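Visitor: One structure follows; several queries about it will come next.
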Amino acid sequence: DAGVIQSPRHEVTEMGQEVTLRCKPISGHNSLFWYRQTMMRGLELLIYFNNNVPIDDSGMPEDRFSAKMPNASFSTLKIQPSEPRDSAVYFCASNEQGLPNTEAFFGQGTRLTVV
Amino acid sequence: SQKIEQNSEALNIQEGKTATLTCNYTNYSPAYLQWYRQDPGRGPVFLLLIRENEKEKRKERLKVTFDTTLKQSLFHITASQPADSATYLCALDPTGANNLFFGTGTRLTVIP
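So the protein lines, in turn, are chains Z and A. So for the first sequence, the working numbering puts the first residue at -14; every next one is plus one. So for the second sequence, the working numbering puts the first residue at 258; every next one is plus one.
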């Protein structure tokens, strides 16, 4: 398996524009996580899906952020409208819930810069 | 509020020495704790998991301890090498719901 695949790797956009980040989890994994990493706040959990259903979105910072998982092999994180303070590295991770205490597998991340 | 703190933002040690990193947490009672390694420009990579009923776990040159009374985990790298230079993150699942929350990380530099 190629691991968790995120696209794009880098995104530069102007303030106010819509941004869509994409993630393909590892085949067979039924849990998917979106994280945001900044120097100030570290790695923050934004939202967590299990079997394509959002379980906990309490980490989503504002209504400008939304995430979907239409099927087991694809998820998106959308920011509309984007702001400079959204600049960060966004990671997607997946694992197989149901097994006790399983590790999370991370993608390479998307570095977002909002100017 | 719930917190996961790693003792220092950066740690420099001489090659061959043992690096010790600390992870402290408050207001949690996790069933397990994990440690990850993150290299620049990459996502975190899992290293070790230790359960609440385990005092110590080893994997090659890595050793993790877990003290649920002190609410602390220690991560040791023995015979450190320059290739061990990276950021190390501790993570725990506070509710058992498979949500992993991470500490802020410690950037380790091993000096040749």
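Backbone N, C-alpha and C fix where the C-beta goes; we use that ideal spot for every residue, glycine too. Please read all numbers here as calculations on a predicted model, not as lab measurements.
1) From this set, Z/56, Z/69 and Z/66, which residue's C-alpha is nearest residue 15 of chain Z's C-alpha?
2) According to DSSP, is residue 341 of chain A part of a helix, a strand, or is it coil?
3) Taking a Cβ distance cut-off of 9 Å, strictly less, list which residues of the segment 292 to 303 of chain A are near chain Z, in chain order.
4) Go ahead and label residue 21 of chain Z buried or exposed: buried means 16 or more other beta carbons lie within 10 angstroms of its beta carbon, across all protein chains shown.
5) Can you pull the chain Z neighbours of residue 359 of chain A, defined as C-beta to C-beta under 7 Å?
6) My parser needs the alpha helix (DSSP H) runs of 4 or more residues fully inside the segment 13 to 94 of chain Z; what are they?
7) Which chain A residues sit within Cβ distance under 8 Å of residue 41 of chain Z?
8) Determine the DSSP secondary structure at residue 265 of chain A, reduced to helix, strand or coil.
9) Rank Z/-3, Z/89 and Z/77 by C-alpha distance to the C-alpha of residue 61 of chain Z and give the top, closest one.
10) Could one say the Cβ of residue 348 of chain A lies closer than 9 Å to chain Z's Cβ atoms, at least one of them?
11) Taking residue -13 of chain Z as the query, report the chain A residues whose CB atoms sit under 7 Å from its CB, ordered along the chain.
12) Measuring only between beta-carbons, confirm whether residue 365 of chain A sits less than 9 Å from chain Z.
13) Quick check on this structure: which residue in A/261, A/320, A/359 and A/295 has the alpha carbon closest to the alpha carbon of residue 365 of chain A?
14) Of all Cβ atoms in chain A, is any one closer than 9 Å to the Cβ of residue 90 of chain Z?
15) Can you tell me whether DSSP reads residue 296 of chain A as helix, strand or coil?
16) According to DSSP, which residues form a beta bridge with residue 313 of chain A?
17) Would residue 18 of chain Z count as contacting chain A if we go by Cβ distances under 9 Å?
18) Should residue 362 of chain A and residue 28 of chain Z be called a contact, given that it needs their Cβ atoms to be closer than 9 Å?
Guide: Once the coordinates are examined:
1) The option with the nearest alpha carbon to residue 15 of chain Z is Z/56.
2) The answer is helix: DSSP assigns residue 341 of chain A an H, G or I state.
3) Flagged, chain order: 293, 295, 298, 299, 300, 301, 302 and 303.
4) Under a 10 Å Cβ-count criterion, residue 21 of chain Z is classified as buried, with 16 or more other Cβ atoms of the shown protein chains found around its own Cβ.
5) Residues of chain Z whose Cβ lies closer than 7 Å to the Cβ of residue 359 of chain A are, in chain order, 27 and 28.
6) Counting only runs of 4 or more, we get nothing.
7) Correct list: 354 and 356.
8) Residue 265 of chain A: coil per DSSP, three-state reduction.
9) Nearest of Z/-3, Z/89 and Z/77 to residue 61 of chain Z, Cα basis: Z/77.
10) So yes, residue 348 of chain A belongs to the interface.
11) What residue -13 of chain Z touches in chain A: nothing, since even the nearest Cβ is about 13 Å away.
12) Judged by the 9 Å Cβ criterion, residue 365 of chain A is not in contact with chain Z.
13) Minimum Cα distance to residue 365 of chain A is reached at A/295.
14) Yes, its Cβ sits closer than 9 Å to a Cβ of chain A.
15) Here residue 296 of chain A carries a coil assignment [DSSP, helix/strand/coil].
16) Beta-bridge analysis with DSSP links residue 313 of chain A to A/322.
17) Yes, its Cβ sits closer than 9 Å to a Cβ of chain A.
18) Going by C-beta atoms, residue 362 of chain A is nearer than 9 Å to residue 28 of chain Z.
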